[in-house]
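S.K.: Here's a structure for you.
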Amino acid sequence: MGRGPATPVEVGGEDATEPAMDAGGHRVAYSRSVVVDSLNPLELCEAGCTPGPPRKLLYSVKLARNPAYSPDGGQIAFESSRSGQREIWLCDRDGSGARQLTNLGGQPAGTPNWSPDGKFIVFDARLPAGSAIFAMSGSGTGLRQLTDGSTEDLVPSWSRDGQRIYFSSKRTGSLQVWSMAADGSGARQITQQGGFRAVQSNRGDVLYYAKGATQTAIWQVPVGGGEETLVIPSLSYWQNFSVTPGGYLLRAGVGFREHSHSVL
21 MGRGPATPVE VGGEDATEPA MDAGGHRVAY SRSVVVDSLN PLELCEAGCT
71 PGPPRKLLYS VKLARNPAYS PDGGQIAFES SRSGQREIWL CDRDGSGARQ
121 LTNLGGQPAG TPNWSPDGKF IVFDARLPAG SAIFAMSGSG TGLRQLTDGS
171 TEDLVPSWSR DGQRIYFSSK RTGSLQVWSM AADGSGARQI TQQGGFRAVQ
221 SNRGDVLYYA KGATQTAIWQ VPVGGGEETL VIPSLSYWQN FSVTPGGYLL
271 RAGVGFREHS HSVL
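Reading the sequence shown from the start, the letters are residues 21 to 284 in this note's numbering.
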C-alpha cells in the first residue's frame, strides 16, 4: 500500500449515518435521520464508477438504526423502537420479514454486531445501574448477559476470529476500549486515553475507534494495547465509520483509504 493523502469516496450523502458493510464488500447499509428513520442499502462498485442510488429497506416513524449485516449478507440486525421500546430486530437483506429478537421488558437495547460465523449477535442494553453487554443466537434464542451491568459497558464488536469481544467501558472511571473472551471472561483494558466503539482491522492487528460520543476523530491502537495513533481527524458522528473487506475505512458520506497506514 503506497503513501499519500486519503482518497474520498462518496457513499450516501450528508445525512447518512452508521454505515455497515456486507462481508463481500459490495453493499453498505446506513441510517438516514430525517423526519422519520430509514435503513438504506447502497450498491458499491469499483473505483471510477458511479454507485447507483440508495433505496429504502425499512421506513418508519419509529427509530430504526445501527444496521449490521450478517456475515453471509442475507440478513440485517438493527435496533428499533417500533414495538414501543428500543429492541434488537432482524430483517432479510431486502428489508422484508422484519421480526423482533429481544424483549427486555423496557430496558433499551442497541448496537447489534454479528459473530464472524453468523451464529451469534452481541449488543448492549440499559440496566438500572448502568449498561451491559449481552449475546444471543442469530435467531434471538439463548440470551446471555456477559457483563454485570454495574457500570457503562457499551457498543460491542467481535474480533475477526470470533474469540473475543471488544467494547467500551467506564469500569476504570472513563470510557476506554476493553476486550473479553466470547463468554465474558478475561476482560482487559486496551486503550488508556479514551476509547469508544472499537472495530478490528481485517488483518486483525489493530483496532479503529473513536474516543467518545462527542470526540469523533478515528484512532488506531494495536489489539494488545500500545501507541494510540490518529487516523481520521474528524467525523460528523462517532459511529459514522466501518471497516470494509477491501481494506477501506468507510465513512458515511465519504470513505477513506489510508495509504499511509498498512493496517488493513
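Positions of the beta carbon are idealized from the N, C-alpha and C atoms, including for glycine.
Where DSSP assigns a beta bridge to Q220, which residues make up the other side?
M.R.: Q220 pairs with L227.
S.K.: Of the choices S262, W239, G246 and V243, whose alpha-carbon is the least far from that of I252?
M.R.: Among S262, W239, G246 and V243, the Cα nearest to that of I252 is on W239.
S.K.: Spatial neighbours of F187 within its chain, please: CB distance less than 7 Å, with the 5 preceding and 5 following residues excluded, ordered by chain position.
M.R.: Correct list, in chain order: I153, D173, L174, V175, P176 and W198.
S.K.: Give the DSSP-derived three-state secondary structure of G158 in the structure shown.
M.R.: Coil.
S.K.: Look at the alpha carbon of R47 and the alpha carbon of K139, and state the distance between them as a whole number of angstroms.
M.R.: Computed Cα separation, rounded: 21 Å.
S.K.: Inspect the beta-carbon positions of F143 and P136 and report whether they are closer than 7 Å.
M.R.: No, these two residues do not count as a Cβ contact at 7 Å.
S.K.: If you compare alpha carbons, which of A43, A149, T211 and M156 is closest to R113?
M.R.: Selected option, being the one with the closest Cα: A43.
S.K.: On the CB-based measure, 16 or more other CB atoms within 10 Å of its CB, does Q213 come out buried or exposed?
M.R.: Label assigned to Q213: exposed.
S.K.: Exposed or buried, R223, counting other C-beta atoms within 10 Å across all chains shown (16 or more means buried)?
M.R.: It is exposed - the Cβ of R223 has fewer than 16 other Cβ atoms within 10 Å.
S.K.: Relative to the alpha-carbon of G93, which residue among R180, E107 and C111 has its alpha-carbon at the smallest distance?
M.R.: Ranking the options by Cα distance to G93, first place goes to C111.
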